[in-house]
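Under the UniProt record's numbering, the letters of the sequence shown match residues 1 to 309, in that order.
Have a look at the structure below before the remarks.
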Amino acid sequence: MDRLESMRAFAAVATHGNFAEASRRLRLSTSVISRAVAALEDHLGFVLFHRTTRTVRLTERGEAYLESCRQILEDIDLAEARVRGVNAAPQGTLTVAAPIVFGRLHVLPVVNQLLAEHPALSVRLILSDRNAHLAEEAIDVAVRIGPLQDSSLTATRLGAVNRMLAASPAYLRARGAPQTPEELASHDLIAFDGIDGSSSNEWRFGKSAATVRVRPRLLVNSADAAVASAEADRGIVRAMSYQLHESIRAGRLIPVLTELAMEPLPVSAIYPPRRIASASLNAFLDAARTRFKAHPVRLFEEWDLPPSP
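This is the structure we're talking about:
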């Protein structure tokens, strides 16, 4: 295996965290991957990984080399793309990150479409409500909800989602439904402290321009857990429309204060700036734009909301 392929093997092990997964991704045996990394270490004169029977971890020099290695591999891929033409068919592995519920409901269909249309393309889909670091985790494109923090990344606006308040019928029978944002102070509140980067102690209402300071009784970093707590009659939950969709349709939760819509949040695809975007990335962005083409504030509100109780 030549040095370039050894670099690809090293980058794959660093990205996926073990030799077995790297061998599967590159469709090479584990022994070939191991020999390639060992040969690269011999050439460089230093160790790239700390190896134990259970873990593979980059050394300090390995971390520094990985950054340069990825840049070299990207430059080579860029040169090949220029020769083939940027309209070459998507191929290789595209790594996509998205929030858990949003990803399952709305990004996975985009991925399924790409897999059906492009036989040479593979996708690694990472679903997590934690905002991943694209460069460190070798992510090609991430779908983010809320204001964007990293100005060094390229962003494509896909649409917007609404945040909503909802509670169980039993809770509303026992405590009554708030009629104004200020009345939330007298209720038990559940906040999803997750993907949008907004304050869990300040809830903003777009139509009324009101900002209400609140003290949630439950603050949780899982949307599913926040919704489940509301279904268990623990209080009024603030979450996004797509996270509450199934519970509201099933009657387990009832929207409140719907006349005073909360501020919508932008949905964006972010990716590292590149001189020429890969065909796989362009295919994903095109498919995502097509799926998410809708009025931005109504995006993913797939039911007609009943009036607040």
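Even for Gly, the Cβ is constructed at its ideal location relative to N, Cα and C.
Determine whether the beta carbon atoms of residue i and residue j lie at a separation below 8 Å.
{"i": "A170", "j": "D233", "result": "yes"}
{"i": "R25", "j": "H16", "result": "yes"}
{"i": "V165", "j": "V256", "result": "Residue identity differs from the one stated: residue 165 is Leu in this sequence, not Val. It is a contact, given that the beta carbons lie within the stated cut-off."}
{"i": "residue 315", "j": "A279", "result": "Because the chain here runs from 1 to 309, residue 315 falls outside it and cannot be looked at."}
{"i": "R272", "j": "L134", "result": "A small fix is needed here, since residue 272 is Pro in this sequence, not Arg. A contact, by the Cβ cut-off of 8 Å."}
{"i": "L48", "j": "V37", "result": "yes"}
{"i": "Q149", "j": "L121", "result": "no"}
{"i": "A39", "j": "S68", "result": "no"}
{"i": "T211", "j": "R204", "result": "yes"}
{"i": "L94", "j": "F284", "result": "yes"}
{"i": "H43", "j": "R3", "result": "yes"}
{"i": "R163", "j": "M262", "result": "yes"}
{"i": "F10", "j": "S34", "result": "no"}
{"i": "A167", "j": "I236", "result": "yes"}
{"i": "L260", "j": "V214", "result": "no"}
{"i": "M240", "j": "V123", "result": "no"}
{"i": "residue 398", "j": "R289", "result": "Outside the shown range of the chain (1 to 309) lies residue 398, about which nothing can therefore be said."}
{"i": "D188", "j": "V220", "result": "no"}
{"i": "R291", "j": "V110", "result": "yes"}
{"i": "L58", "j": "A14", "result": "yes"}
From the DSSP output, which residues share a beta bridge with residue i?
{"i": "V37", "result": "V37 is not bridged to any residue."}
{"i": "A239", "result": "M164"}
{"i": "E202", "result": "R213"}
{"i": "residue 312", "result": "Residue 312 lies beyond the residue range present for the chain, which begins at 1 and ends at 309; the question has no answer from this structure."}
{"i": "T154", "result": "Y271"}
{"i": "R144", "result": "S268"}
{"i": "I190", "result": "L218 and V237"}
Decide if residue i is buried, meaning its Cβ has at least 16 other Cβ atoms within 10 Å, or exposed.
{"i": "Q243", "result": "buried"}
{"i": "E136", "result": "exposed"}
{"i": "P181", "result": "buried"}
{"i": "G146", "result": "buried"}
{"i": "N201", "result": "exposed"}
{"i": "G176", "result": "exposed"}
{"i": "F46", "result": "exposed"}
{"i": "N112", "result": "exposed"}
{"i": "I72", "result": "exposed"}
{"i": "I254", "result": "buried"}
{"i": "E302", "result": "Since pLDDT at E302 reaches only 46, below the 50 mark, its modelled position is unreliable, and the value read off the structure follows with that caveat. Exposed."}
{"i": "P99", "result": "buried"}
{"i": "R238", "result": "buried"}
{"i": "H295", "result": "Confidence is the limiting factor: at H295 the pLDDT is only 41, short of 50, which leaves the residue's position unreliable, though a coordinate-based value still follows. H295 should be labelled exposed."}
{"i": "E41", "result": "buried"}
{"i": "S229", "result": "buried"}
{"i": "G62", "result": "buried"}
{"i": "residue 349", "result": "Nothing can be reported for residue 349: it is not among the residues displayed for the chain, which extend from 1 to 309."}
{"i": "A191", "result": "buried"}
{"i": "S186", "result": "exposed"}
{"i": "G103", "result": "buried"}
{"i": "R174", "result": "Here the sequence assigns Ala to residue 174, which means Arg is not the residue at that position. The residue in question, A174, is exposed, as its Cβ has fewer than 16 Cβ neighbours within 10 Å."}
{"i": "S152", "result": "exposed"}
{"i": "A12", "result": "buried"}
{"i": "A226", "result": "buried"}
Uninterrupted alpha helix (DSSP H) stretches inside the segment 47-128 (no shorter than 4 residues): 60-84 and 108-117
Cβ pair count under 8 Å reaching 3, the segment 257-270 against the segment 128-143: yes
Residue ranges of each beta strand (DSSP E) within the segment 244-273, 3 or longer: 254-256 and 265-271
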